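In this note's numbering, the protein residues as written are 1418 to 1532.
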């Protein structure tokens, strides 16, 4: 079984745990559990900011039954590996709360390099 966490990992472990981040994570979790936390009209409140984000073309957006706002977007330049993950974070930062979560989903490659 591969123990590396990314392509150049030779230690197989980090320098610490992430317990210091737990208060912010719990704060985000608490906010997410609140009734009505998801924006009431993402097409009006989120989409314009995403459309104005430099380096991206928004191809479509829709509000799903579970409250997720699905946005399809294409970068003008397609970075490889971790570069794409970082580009997505830059895009989402235009609409993000102070603490937010980004993770790859179906069809996406997980981040591989800490470079």
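Where a beta carbon is used, it is the ideal one built from N, C-alpha and C, also for glycine. Predicted model only: the values in this text are computed from it and were never measured.
**Item:** 7 angstroms Cβ shell around residue 1512 - same chain, five flanking residues per side excluded
**Value:** 1463, 1466, 1467
**Item:** Neighbourhood of residue 1528 by C-beta distance below 6 angstroms, restricted to the same chain and skipping five residues each side
**Value:** Interpretation of residue 1528 is limited by its pLDDT of 47, a score under 50 that renders its predicted location unreliable; no figure is taken from the coordinates.
**Item:** Where residue 1455 sits in the DSSP three-state scheme
**Value:** coil
**Item:** Limits of the unbroken alpha helix (DSSP H) element including residue 1505
**Value:** 1499-1509
**Message:** Cutting at 6 angstroms between CB atoms, please list the residues of its own chain near residue 1506, excluding the five before and the five after it.
**Reply:** 1519
**Prompt:** Considering only C-alpha positions, which residue in the set 1435, 1504, 1510, 1428 is nearest to residue 1472?
**Reply:** 1504
**Message:** Nearest by alpha-carbon distance to residue 1492: which of 1474, 1444, 1481 is it?
**Reply:** 1474
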